[in-house]
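Report on the structure given below.
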Amino acid sequence: MVYRVVLEKGEDFGYIAHCPAIPGCHSQGESLEEALENIKDAIRGCLNALDRELVTPPQKDVTFVEVTV
């Protein structure tokens with residue numbers, strides 16, 4: 019998947035990264051490269067957490083399907 023990421027220079031430290039598509043998904047790094055690697059990890063972690071929250075034991079027959087947008 020492709021996500022748009024916002025990078026900004028931190029006031030006191032390196033760079034801050036945000037993923038607007040996932041509320042609360044933020045990270046940072048001393049360099050742009052480190053901030054990008056860290057936000058990738060943060061995105062993966064947020065998506066895994068969202069998957070666990072959204073998947074509940076079904077009360078009736080359901081089908082889960084993944085789609086690429």
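Here the sequence shown is numbered in the numbering used here, starting from 19 and rising by one per residue. Think of the CB as a built atom: it goes at the ideal place given N, C-alpha and C, for glycine as much as any other residue.
Same chain, Cβ closer than 6 Å to residue i, neighbours up to 5 away in sequence not counted
| i | result |
| --- | --- |
| residue 45 | 35, 56, 57 and 60 |
Cα-Cα separation, residue i to residue j
| i | j | result |
| --- | --- | --- |
| residue 154 | residue 31 | Not covered by the structure: residue 154. The range shown for the chain is 19 to 87. |
| residue 28 | residue 41 | 19 Å |
| residue 43 | residue 54 | 13 Å |
| residue 63 | residue 22 | 16 Å |
| residue 79 | residue 65 | 24 Å |
| residue 70 | residue 83 | 15 Å |
Whole-number beta carbon distance between residue j and residue i, since they are thought to touch under 8 Å
| i | j | result |
| --- | --- | --- |
| residue 38 | residue 24 | 6 Å |
Cut-off 8 Å between Cβ atoms - residues of its own chain near residue i, not counting five sequence neighbours on either side
| i | result |
| --- | --- |
| residue 48 | 31, 32 and 33 |
| residue 86 | 19 |
Which listed residue (the options) has its alpha carbon closest to that of residue i
| i | options | result |
| --- | --- | --- |
| residue 51 | 26, 62 and 83 | 26 |
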